[in-house]
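All residue numbers for the sequence shown refer to the working numbering, where the first residue is 11 and numbers rise by one. Positions of the beta carbon are idealized from the N, C-alpha and C atoms, including for glycine. Computed from a predicted structure; not experimentally measured. Here is the structure we will look at, set down as structure tokens.
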Amino acid sequence: APPTPGAMAALERAAADGDPRVRAAAAASLVASPRREADGALRGLLAEDRWPFVRAAAAESLAGRPASAASDATLAAALEDESFAVRRAAVHALGEHGARAHASAVRARLNDDDELVEVRAEAGRSVLVVEARGAGGTC
């Protein structure tokens, strides 16, 4: 059965819980929400939460949500996050969104010799996905 609006509203509230584990779990679950408010909650977690595992969970969930200029801008800003897990999740999400407007920022992660290999590998995959979509591909 699809999630009820009440359940999704409860998850959005849980995204503001005092416990970072609850916020991370809420972020992971909000990917299934049909409500637009979920995107705002996820963007807020990605941009503002002090815990890297919460920010990474928010970025991963945004990867599974419909693309939007606001979400893609938040993801692009996260490419400069101090946590490699957040940067990796952000490049993954931008690739999933086919975010051509941020392709140069993703490519910069790929070409940064000081970046961790996990982030560079994901950036390479994302660049290929974005380029394939731009060329009419179905990746």
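Check: Supposed close pair Val-137, Leu-120 - CB separation, criterion 8 angstroms; Outcome: 6 angstroms
Check: CB contact flag (Ala-36, Ala-25, <8 angstroms); Outcome: yes
Check: Between the CA atoms of Arg-97 and Asp-91 - distance to the nearest angstrom; Outcome: 6 angstroms
Check: Ala-109 vs Ala-77 beta-carbon contact at 8 angstroms; Outcome: yes
Check: Distance between beta carbons of Ala-100 and Arg-88, contact taken as under 8 angstroms; Outcome: First, the amino acid is wrong: residue 88 is Ala here, not Arg. That pair is a contact at about 4 angstroms.
Check: Backbone CA spacing between Val-140 and Ala-113 [nearest angstrom]; Outcome: 7 angstroms
Check: Local Cβ density within 10 Å of Arg-75, reported as buried at 16 or more and exposed below that; Outcome: buried
Check: Proximal residues to Ala-66 (C-beta, below 6 angstroms), its chain only, five neighbours per side dropped; Outcome: Ala-95, Val-96, Ala-99
Check: Between the CA atoms of Gly-105 and Asp-5 - distance to the nearest angstrom; Outcome: Within the shown structure, residues of the chain are numbered from 11 to 149, placing residue 5 beyond reach of any answer.
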